[in-house]
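Protein chains in written order, with the working numbering: chain A, 4 to 249; chain B, 4 to 249.
Below: one structure, written as C-alpha cells.
Number of protein chains: 2
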Amino acid sequence: MIRRHQQIAEELRVAIAEGTYPVGSELPSESELALAHGVSRGTLRQAFGTLQSEGLIGSRQGARRTVLSTTPSQSFTELRSFAQWARAGGRTPGGLVLRSRRAKATEAQAAQLHLAPGDTVLHVLRVRTLDGEPALLERTVYAGWAAAAVERLPDDCESVTQSLYDEARVLMSHGEHHLDAIAAGTTDARELAVRRGSPLLRVRRTTTTPDGRPVETSDDRYKPGSVVFTVRNSVQANPLVRTTPD
Amino acid sequence: MIRRHQQIAEELRVAIAEGTYPVGSELPSESELALAHGVSRGTLRQAFGTLQSEGLIGSRQGARRTVLSTTPSQSFTELRSFAQWARAGGRTPGGLVLRSRRAKATEAQAAQLHLAPGDTVLHVLRVRTLDGEPALLERTVYAGWAAAAVERLPDDCESVTQSLYDEARVLMSHGEHHLDAIAAGTTDARELAVRRGSPLLRVRRTTTTPDGRPVETSDDRYKPGSVVFTVRNSVQANPLVRTTPD
DNA sequence: GAGTGGTCTAGACCACGGC
DNA sequence: CCGTGGTCTAGACCACTCT
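Dropping the structure here:
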C-alpha cells in the first residue's frame with residue numbers, strides 16, 4: 004500500500020540531503036506543499052512530523068519550518084537491531100555465542116522480565132563484530148518462553164532480532180536503554196582485545212514486544228571507537244541512532 | 004489557552020501511573036475515549052501520539068493500544084538543561100567556571116558552529132555538581148556572537164540555558180549528542196576526583212537555536228554513578244532523558 | 001465479520017511571528 | 001496586518017487483529 008505521507012517525507016528528506024534546502028533555510032509552507040503534492044494539509048503535516056521526529060527540521064508557531072540538519076538519515080525512527088544498523092552503514096555485522104546456559108531467574112531478573120521468581124531464563128554471552136573486529140560484548144538474559152527459539156539459532160547468527168521474528172514471530176519493538184561508562188573486566192578485556200580497566204560504554208537494555216511483554220534484558224559493553232551513540236533531541240522529539248565514529 | 008489533547012494526555016498519564024491501566028493491559032479504543040472526553044478522534048489520537056513518543060504505550064494496527072511502562076515520566080519530550088533536569092529529579096544543581104578565554108576558531112570548530120575560520124569563539128571549562136558533588140566536566144566552545152552574553156553570567160551560574168534565554172533571548176532548542184566512553188585525563192581526574200584512566204561517559208554535543216544556528220559545541224565528561232542516560236525507543240519514536248542511577 | 005488503529009480529506013478557528 | 005503553524009472537527013475508507 005502506498006502511504007502518501009511517507010512518500011512525501013522521503014521526497015523532502017532527499018531534497019534536504021541534496022541541498023535544495025540547506026541548513027538554516029526555510030521550507031515552503033504547509034499549504035504550498037499540500038497544494039503541490041495534491042494532498043490535504045493534514046497529510047502534509049504528518050510528513051513534516053516524521054522529519055521533525057528525525058531531527059531534520061524544526062518548527063515555531065507563526066514562522067516557517069527551518070532545516071536543522073542535512074544528514075542523510077536512513078531510517079531514523081526505526082529501532083534497529085545491531086545487524087540492521089551495521090548493514091545500513093555499509094559494514095558487515097557478525098556475532099558469535101561464547102556461552103549459553105539455562106538458569107533460574109533471580110528476583111531482579113524476574114521483576115525485569117515480568118516472570119515469577121524461579122522461572123527459567125536463558126543466559127547468553129555473545130560477542131558482536133563489525134567487519135570482523137570485536138565491537139561489543141553482550142550479556143543477555145532471555146525470558147524462558149523465548150529461550151527455545153533462541154537456542155535453535157546458529158551460534159554465528161547474524162541478526163537475532165530478525166531471526167526471532169522469522170522463526171518464532173517474536174517482534175522486539177520497544178526498548179529501554181540505560182547508558183553509562185564502566186571499566187573493562189577480565190572477560191570484557193579478553194573478548195574485546197582491550198586492557199583490563201579500560202573504559203567501555205555500557206548499555207543496559209530491556210526489549211519488549213509491541214504489547215509490552217519483556218523478551219530480554221541485556222548488559223552490552225561497547226569498545227570505544229567502534230560505535231558511537233547519537234541522539235538528536237529537541238523541544239519536540241528525540242530520536243536515537245547508533246553511528247560509527249566520524 | 005487550553006489544549007484539549009494535552010489535557011487528555013495528562014489524564015491518561017495519571018491513570019497509567021495510578022495503575023488503572025497496568026503494564027501489559029489494553030487501553031480503551033480511540034472511539035470510546037473520544038466519546039468519553041467529548042472530542043473528535045483526531046484530537047484523541049494526538050493525545051495518544053504524545054504518550055507513544057514518551058514510550059508509555061504502544062500500538063499495532065487492528066489491536067487496542069497496550070501499556071508499556073508506568074513510569075511517572077515528568078516532561079519527556081523536553082530537552083532539559085542540566086539544571087532543569089537536576090531540579091526535576093529533586094537534586095540541587097551547581098556549577099563553577101574554572102577557566103574562560105576567547106580564541107580564534109579552528110577550522111573544525113568553525114565548521115561545527117557555522118562560523119568563518121578565524122572568527123572569535125569562547126572556551127569555557129566548567130564543572131557541574133549534583134548536591135555539591137562533582138558530576139561532570141564541560142569543555143564548551145561558544146560561537147562568538149554568544150560570547151558576550153556568556154561572559155556576563157556569574158561564575159557559579161546555575162543554569163546557563165535559562166540565563167542565556169533570560170538575558171539575551173538565545174533559545175537553545177535542538178541538540179545533537181554523541182555518546183561514548185573515554186579514559187579520564189589529568190584534568191578530568193583532578194576536577195572529578197577520580198583516578199586518571201578511569202572510565203568516563205563522554206557526550207559531545209552541539210546545541211542550536213530553533214532556526215538551526217549553532218550556539219555551542221561541548222565535550223562533557225560524566226563521572227560514572229552520578230548520571231545515567233536513559234533512552235526509550237520504539238518502532239515509532241525515541242525520547243531521551245537523563246536519570247540518576249537506580 | 002466486527003472492531004480497531006492507520007490514513008486521508010476539507011473544512012474551521014486560534015496563537016504567534018514578522019513586516 | 002497577513003501568513004504561518006497549532007489545534008480541532010466530522011466525516012470516510014482501508015489494513016489489520018481477533019474470534
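Beta carbons are placed, not taken as given, at the ideal position from N, Cα and C, and that holds for glycine.
Contact between the stretch 176 to 187 of chain B and the stretch 202 to 210 of chain A is established, with three or more Cβ pairs separated by less than 8 Å. Our two residues, residue 234 of chain A and residue 222 of chain B, have alpha carbons roughly 15 Å apart in a direct line.
Within its own chain, the residues whose Cβ lies closer than 7 Å to the Cβ of residue 142 of chain B, once the five positions on either side in sequence are excluded, are 128, 221, 222, listed in chain order.
Taking a contact as a CB-CB distance under 8 Å, the pair residue 139 of chain B and residue 230 of chain B counts as one, their CB atoms being some 7 Å apart. Along the stretch 159 to 180 of chain A, the positions whose C-beta sits under 8 Å from a C-beta of chain B are 176, 177, 178, 179, 180, read in chain order. According to the DSSP assignment, residue 11 of chain A belongs to the alpha helix (DSSP H) that extends over 7 to 20. Considered as a whole, the stretch 172 to 242 of chain B harbours 177 to 186, 202 to 211, 217 to 225, 231 to 237 as its complete beta strand (DSSP E) runs of no fewer than 3 residues, in chain order.
Ranked by Cα distance from residue 191 of chain A, the first of A/131, A/122, A/18 is A/131.
Contact check between the stretch 156 to 167 of chain A and the stretch 85 to 101 of chain A: three or more CB pairs, one atom from each, fall below 8 Å, which counts as touching.
In the structure shown, the three-state DSSP call for residue 103 of chain A is strand.
Any Cβ of chain B closer than 8 Å to the Cβ of residue 201 of chain A would place that residue at the interface, and such an atom is present.
If you draw a 10 Å sphere on the C-beta of residue 23 of chain B, you find fewer than 16 other C-beta atoms in it, and that means exposed. Residue 32 of chain A counts as exposed, since fewer than 16 other C-beta atoms from the protein chains shown sit within 10 angstroms of its C-beta. Measuring C-alpha to C-alpha distances from residue 66 of chain B to each of B/28, B/92, B/97 identifies B/28 as the nearest. For residue 63 of chain B, the residues of chain A that pass the 7 Å Cβ criterion are 213, in the order they occur in the chain. DSSP, read as helix, strand or coil, puts residue 133 of chain B in strand. Ranked by Cα distance from residue 193 of chain B, the options B/168, B/62, B/226 are led by B/226. Comparing C-alpha distances from residue 134 of chain A to each of A/104, A/103, A/97 shows the shortest one belongs to A/97. Boundaries of the alpha helix (DSSP H) harbouring residue 45 of chain B: 44 to 56, taken from the DSSP string. Burial state of residue 224 of chain A is buried, judged by a 10 Å Cβ sphere holding 16 or more other Cβ atoms. DSSP places residue 168 of chain A in the helix class (H, G or I) of the three-state scheme. Among the residues facing chain A, residue 227 of chain B is included, as its CB has a counterpart in that chain under 8 Å away.
Annotated three-state conformation of residue 147 of chain B is helix, per DSSP.
In the DSSP annotation of this structure, residue 94 of chain A is not part of any alpha helix (DSSP H), being labelled neither H nor E.
Taking C-beta atoms as the reference points, residue 73 of chain B and residue 19 of chain B count as a pair closer than 8 Å.
Straight across, the Cα-Cα distance linking residue 26 of chain B with residue 168 of chain B is about 39 Å. Straight-line measurement puts the Cα of residue 212 of chain B at about 22 Å from the Cα of residue 105 of chain B. Bridge partners of residue 126 of chain B according to DSSP: B/104, B/144. In the DSSP assignment, residue 34 of chain B falls within the alpha helix (DSSP H) that extends over 33 to 40. Of all residues in the stretch 132 to 157 of chain A, none is placed with a Cβ closer than 9 Å to any Cβ belonging to chain B. Straight through space, the alpha carbons of residue 116 of chain B and residue 64 of chain B are spaced by roughly 43 Å. Check the Cα spacing between residue 188 of chain A and each of A/99, A/95, A/199, A/60: the tightest is with A/199.
At least one CB of chain A lies nearer than 8 Å to the CB of residue 183 of chain B. Take the alpha-carbon of residue 151 of chain A and the one of residue 52 of chain A: they are about 40 Å apart. Of the residues B/172, B/156, B/157, B/208, the one whose Cα lies closest to the Cα of residue 180 of chain B is B/208.
Apart from sequence neighbours up to five positions away, the residues of its chain that approach residue 61 of chain B with a beta-carbon distance below 6 Å are 69, 71, ordered along the chain.
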